[in-house]
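Undergrad: If you're matching them up, the sequences are chains Y and B in order.
All the letters of the first sequence, read from the start, carry residue numbers 561 to 924 under my numbering.
All the letters of the second sequence, read from the start, carry residue numbers 5 to 394 under my numbering.
Backbone N, C-alpha and C fix where the C-beta goes; we use that ideal spot for every residue, glycine too.
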Amino acid sequence: MNLNYSEEQVMLKEQIQKFCETEYDFYKREDVVKSDNDFDSKVWSLFAEQGWLSMPFSEESGGFGFGPIELSILFEEFGKALVIEPYLSSVVLSGNILDNSSFADKNNIIESICSGSMHVSLAYAESTNKYDYTNPLTSLSADSKLNGTKALVLNGANASKFIVSCNSGDDLALVIVDSNADGVSVTSFPTVDGQTCSEVSFENVLVSDTNIIASGSEANDLLLRAINLATLCVSAEAVGCMTSCYLKTVEYTKSREQFDQPISNFQVLQHRMVDMFIESELCKSLLIKAMLEVDTNSEDMFKHVSALKAQIGKSGKFSAQQAVQLHGGMGVSDELMIGHYLKKMLTIDALFGNSDFHVKSFSV
Amino acid sequence: MDINFTQEDLQFRDEIRDWLANGGYPTHVKHKTDNGIALTKQDMTDFHKAVSAKGWMGYNWPKEHGGTGWSATQLYIFNKEFGLGGCPPLLAFGVSMVAPVIYTFGNDEQKKRFLPDILEFNTWWCQGYSEPGSGSDLASLKTKAVREGDHYIINGSKTWTTLAQNADWIFVLVRTETTKIKQEGISFILVDMKTPGIEVKPIITIDGDHEVNSVFFTDVKVPAENLVGEEGKGWTYAKFLLAHERFGIAAIGTSMRQLKRLKNIVSELDNPEMEKKVAELEISVSALEMTELRLLSALENGGHPGAESSILKIKGTEIQQTLTELFVEAAGEYALMYPGPHGFESNSKPEGPDFVAQSISAFLNMRKVSIYGGSNEIQKNIISKFVLGV
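The following block contains the structure:
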């Protein structure tokens, strides 16, 4: 047994870490969040140049064929730096579906995603609280017309194409639609963590047969796998946030003096930070377990991703809330990174099923 | 034992309910608080003026200074009913912080000058306590006041000053003498916010709102007559004031109202896990309410509950925070969206439950309650020292 990263994986981690630490400045990020832009297009081009946008695509599709372990490495570092660029929607969710599908035109689209010139968003959610994505109300009629409204489409404002889950007859289908097609309307909203998501409505949008990516059990399988992978990615992101939360809190309490001593001298704070550390280590353990299961495509992979996401929902919020508490007033100030980890944690808990949902999925 | 309020107390409660329900509580303000819309300075003023017009502004003052002279039980009922009625919290800085210091330790001139305006809500006050280097350890404060003839010259800075942007006056703790024991040498001074040399800079919090500020003092010249009580006795007054701040800290009425809202929402979700969490929270609220009543009973029957009241701060704020967490959970994946503290624009609201924006805003905003007014860690130190005696 060896639970260490391979040499290549260590190199990848160092490369991403170096970028996040030296070039991804939090204050620049904040300027972008407060501007009309949803993300920094220069950073996105840089991701493309580094090959990060091609990372998870298979070699046949022109990618590096990296798996869930490398993606987890990437997202853990993204979590620490609170990266807002829309990697999850285009590369992970849409990219994974396209890559594993037998869709005829997939290579052209994947190439555009890898080069950074095109965003594709997966429209998987509808106005329900139930996290059941395989029974959409959006429908594709016998005469090829798409009707319905999708909610919470990540990065929808920048997408040139949408992959839309819909029902076609009694089957689930995944279709791809141009965002400027007749009958498509997009309204965008800010997310808690500084990104954007959209509500996308389809009114009698004509979908040619060639734009049906998959249907029936194949569509079901593609959708669930992509969402499972994305769930792993945001959980890895949460682990990164948790690591930063305890490290930054330790650093702060050592430098903050009250009652003529650093507040890290107080045992109650020491134990709280130890709890934050332990929670972060436990999540990291479940992350490693889950990514290995996904990597080997095991039967139990959904279950282990659920275990991870369930734990993240609890431990992640705990860590971020304690980080805020131990930073005192500074913790709730918008100027410091620390409060933004809490916002990130809220977002992650809301995505793809919260803790309760995944506890239930795990036990089924 | 008798858990019931007296007939007089019940009549008093009904009088408050009647006022709240029948036009006392300004309808335009009620509409906003009911719908989670942020209040403007004018809304806050209208609300306070209405309370003042009813004669309730001096809710915790003795009659001789123009207050209501209410018993502890009446004060409890007043606070609970205002919470249940969905009122915004009454601003404490004037009426329940600086005023008791003025009428207890101030001179007649100061009482005449400041108290009537506080009762009529003609002046907004803010609190100059915390400094960048002095939070939990408040007595280490460094803002300095030097006596020069008939004036004090103040230099230094205060932080986390709530609503300083609206304030006409600030009461500040300043160091008038450097002493071996840091609690000595502190004085309590009233400062007109229009005095040259005062600069207010906003601090934006994680909910995106502007509620708190930094206040900088550069050679601010304040008449010596604005000193309250004796020079160097400020720490005594500060502690006295913090004891008054405990009023309503459990926020039981507000929490009960929010709990009712939450129960309505969760009953529609068909979600047994959420139902369990709400039930557990309801038990906590019940335990807190009964704890507050026990302290009240002790007070009304000649007891002197002291540090036990820290339980109210700790559990009250925990409940307030848990409530906001459960609202966010009830929003499910819609909790992803957050338009900022002022909500979605009415012409472009997304699908999904209408309480989303308000819930996230409240969740982020309520992080402060376990930090301010003596952090919950400090409260536990107080209980440990003064109740457990360790």
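(1) Taking D211/B as part of the beta strand (DSSP E), name the residues at either end of that continuous run.
(2) Between K148/B and V178/B, is the Cβ-Cβ spacing less than 8 angstroms?
(3) I think I898/Y touches K808/Y, with their Cβ atoms under 8 angstroms apart; what is that distance to the nearest whole Å?
(4) Decide if N715/Y is buried, meaning its Cβ has at least 16 other Cβ atoms within 10 Å, or exposed.
(5) Could you run through the region 321-346 of chain B and flag, in chain order, every residue whose CB is less than 9 angstroms away from some CB of chain A?
(6) Go through its chain and collect everything with a Cβ distance to I106/B's Cβ below 7 angstroms, but skip five positions before and after it.
(7) Can you tell me which of N788/Y, D731/Y, G800/Y, D909/Y puts its alpha carbon nearest to the alpha carbon of S858/Y?
(8) Distance check for Y80/B and E296/B, CA to CA, integer angstroms please.
(9) Write down the C-beta distance between Y342/B and A361/B rounded to the nearest angstrom, noting that I regard them as a contact closer than 8 angstroms.
(10) I'd like to know whether the C-beta atoms of L316/B and A254/B end up nearer to each other than 8 angstroms.
(11) Given S654/Y, which residues of its chain have a CB within under 7 angstroms of its CB, disregarding the five upstream and five downstream residues?
(12) Does the count of Cβ pairs from the region 238-245 of chain B and the region 205-225 of chain B closer than 8 angstroms reach three?
(13) Looking at L299/B: is its Cβ nearer than 8 angstroms to the Cβ of K319/B?
(14) At the level of alpha carbons, what is the spacing between F646/Y and Q755/Y?
(15) Give the residues of chain B in contact with N707/Y, contact being defined as C-beta atoms less than 8 angstroms apart.
(16) Touch check for the region 874-888 of chain Y and the region 189-209 of chain B: three-plus C-beta pairs under 8 angstroms?
(17) Kindly indicate if chain Y contains any beta-carbon less than 8 angstroms away from that of S374/B.
(18) For K162/B, write down the residues that DSSP places opposite it in a beta bridge.
(19) Got a sec: which bits of the region 224-242 of chain B sit with their beta carbon under 7 angstroms from any beta carbon on chain Y, in order along the chain?
(20) How many angstroms separate the CA atom of N780/Y from the CA atom of A719/Y?
(21) With DSSP as the reference, identify every bridge partner of I736/Y, one or two as the case may be.
(22) Using a beta-carbon distance below 8 angstroms, is I174/B in contact with chain Y?
(23) Rounded to a whole number of angstroms, what is the C-alpha to C-alpha distance between L123/B and G377/B?
(24) In chain order, what residues of the same chain have a beta carbon less than 6 angstroms from the beta carbon of Y684/Y, not counting five sequence neighbours either side?
(25) Under 8 angstroms by Cβ, that's how I've got L810/Y and M833/Y pegged, so tell me the actual separation to the nearest angstrom.
(26) Identify the contact partners of R371/B in chain Y, using a Cβ-Cβ distance below 9 angstroms as the criterion.
(27) Compare the beta carbon distance of E636/Y and G743/Y with 8 angstroms and say whether it is the shorter of the two.
(28) Quick check on the burial criterion: 16 or more other C-beta atoms within 10 angstroms. Buried or exposed for F638/Y?
(29) Check each candidate in M48/B, F390/B, K146/B, E68/B and name the one with the smallest Cα separation from F221/B.
(30) Give the residues of chain B in contact with T907/Y, contact being defined as C-beta atoms less than 7 angstroms apart.
(31) Taking 8 angstroms as the cut-off, decide whether the C-beta atoms of L340/B and L266/B are in contact.
(32) Within the same chain, show all residues whose beta-carbon is closer than 7 angstroms to that of S259/B, passing over the 5 residues directly before and after it, in chain order.
(33) Return no unless some Cβ of chain B is closer than 8 angstroms to the Cβ of A870/Y.
(34) Chain B partners of G888/Y, CB-CB under 8 angstroms?
(35) Whose CA, out of L246/B, V216/B, K280/B, M370/B, lies closest to the CA of S313/B?
(36) For G212/B, collect the residues of the same chain with a Cβ closer than 7 angstroms to its Cβ; drop the 5 residues on either side in sequence, then sort them by chain order.
TA: Result, derived from the coordinates:
(1) To locate residue 211/B, count along the second sequence from 1; it is residue 207. Run containing D211/B: none; DSSP gives neither H nor E here.
(2) Within the second sequence, numbered from 1, the residue matching residue 148/B stands at position 144. Within the second sequence, numbered from 1, the residue matching residue 178/B stands at position 174. Yes, the pair counts as a contact, with Cβ atoms nearer than the cut-off.
(3) As a working mapping, residue 898/Y is identified with position 338 in the first sequence. As a working mapping, residue 808/Y is identified with position 248 in the first sequence. Right, their Cβ atoms sit about 6 angstroms apart.
(4) Indexing the first sequence from 1 puts residue 715/Y at position 155. Counting Cβ neighbours within 10 Å, N715/Y comes out buried, since at least 16 surround it.
(5) Of the chains in the structure shown, none is chain A; the protein chains are Y and B.
(6) To locate residue 106/B, count along the second sequence from 1; it is residue 102. Only Q114, K115, F118, L119, V232 meet the Cβ criterion.
(7) Along the first sequence, one-based indexing puts residue 858/Y at 298. For the residues N788/Y, D731/Y, G800/Y, D909/Y, the minimum Cα distance to S858/Y belongs to N788/Y.
(8) In the second sequence, residue 296/B corresponds to position 292, counting from 1. In the second sequence, residue 80/B corresponds to position 76, counting from 1. Cα to Cα, E296/B sits roughly 9 angstroms from Y80/B.
(9) For the purposes of this step, residue 342/B is identified with residue 338 of the second sequence, where counting begins at 1. For the purposes of this step, residue 361/B is identified with residue 357 of the second sequence, where counting begins at 1. The pair is a contact, with the Cβ atoms about 7 angstroms apart (cut-off 8 angstroms).
(10) Locating residue 316/B in the second sequence gives position 312, counting from the first residue. Locating residue 254/B in the second sequence gives position 250, counting from the first residue. Against a cut-off of 8 angstroms, the Cβ pair of A254/B and L316/B comes out as a contact.
(11) Here residue 654/Y is taken as the residue at index 94 of the first sequence, counted from 1. These residues qualify, in order along the chain: V680, S681, L682, I723.
(12) Contact fails: fewer than three Cβ-Cβ distances are below 8 angstroms.
(13) Working through the second sequence from its first residue, we reach residue 299/B at position 295. Working through the second sequence from its first residue, we reach residue 319/B at position 315. No; because the gap between Cβ atoms is not below 8 angstroms, this pair is not in contact.
(14) Walking along the first sequence from the start, residue 646/Y turns up at place 86. Walking along the first sequence from the start, residue 755/Y turns up at place 195. Residue identity check: residue 646/Y is Pro in the sequence provided, not Phe. Their backbone Cα atoms lie some 8 angstroms apart in a straight line.
(15) By 1-based counting over the first sequence, the position of residue 707/Y is 147. Chain B residues near N707/Y: none, gap ~15 angstroms exceeds 8 angstroms.
(16) No, because fewer than three Cβ pairs between the region 874-888 of chain Y and the region 189-209 of chain B fall closer than 8 angstroms, the two stretches do not touch.
(17) The residue given as residue 374/B occupies position 370 in the second sequence. For S374/B, the answer is yes, since a Cβ of chain Y falls inside 8 angstroms of its Cβ.
(18) Start at 1 with the first residue of the second sequence, and residue 162/B comes out as number 158. DSSP lists V219/B as partners of K162/B.
(19) none
(20) One-based indexing of the first sequence puts residue 780/Y at position 220. One-based indexing of the first sequence puts residue 719/Y at position 159. About 23 angstroms.
(21) As a working note, residue 736/Y is residue 176 in the first sequence. I723/Y.
(22) Counting from 1 along the second sequence, the entry for residue 174/B is found at position 170. No, no contact with chain Y.
(23) Walking along the second sequence from the start, residue 123/B turns up at place 119. Walking along the second sequence from the start, residue 377/B turns up at place 373. The straight-line gap from Cα to Cα measures roughly 23 angstroms.
(24) Reading the first sequence from its first residue, position 124 is the one you call residue 684/Y. Excluding positions up to five away in sequence, the list reads Y693, S725.
(25) Taking the first residue of the first sequence as position 1, residue 810/Y is located at position 250. Taking the first residue of the first sequence as position 1, residue 833/Y is located at position 273. The identity of residue 810/Y in the sequence shown is Val, whereas the question assumes Leu. For V810/Y against M833/Y, the beta-carbon gap comes to about 6 angstroms, under 8 angstroms, which counts as contact.
(26) Position 367 of the second sequence, counted from the start, is the residue given in the question as residue 371/B. Going along chain Y in sequence order, the residues near R371/B (Cβ under 9 angstroms) are Q881, V884, Q885, G891, V892, G899, L902.
(27) On the first sequence, residue 636/Y is found 76 positions in, with the first residue counted as 1. On the first sequence, residue 743/Y is found 183 positions in, with the first residue counted as 1. Not a contact, by the Cβ cut-off of 8 angstroms.
(28) In the first sequence, counting from the first residue as 1, residue 638/Y sits at position 78. That one is buried.
(29) Working through the second sequence from its first residue, we reach residue 221/B at position 217. The option with the nearest alpha carbon to F221/B is K146/B.
(30) Counted from its first residue, the first sequence places residue 907/Y at position 347. Going along chain B in sequence order, the residues near T907/Y (Cβ under 7 angstroms) are L340.
(31) As a position in the second sequence, residue 340/B is number 336, starting the count at 1. As a position in the second sequence, residue 266/B is number 262, starting the count at 1. Contact flag unset, no.
(32) Translated into positions along the second sequence, residue 259/B becomes position 255. Within the same chain, S259/B has close Cβ partners V289, I323, Q324, L327.
(33) Counting from one through the first sequence, the residue named residue 870/Y turns up at place 310. It does not; no Cβ of chain B falls within 8 angstroms.
(34) The residue you call residue 888/Y lines up with position 328 of the first sequence. By Cβ distance, chain B contributes G139, S140, I375, S379.
(35) As a working mapping, residue 313/B is identified with position 309 in the second sequence. Closest by alpha carbon: L246/B.
(36) Against the second sequence, residue 212/B aligns to sequence position 208. So the qualifying residues of the chain are G344, P345.
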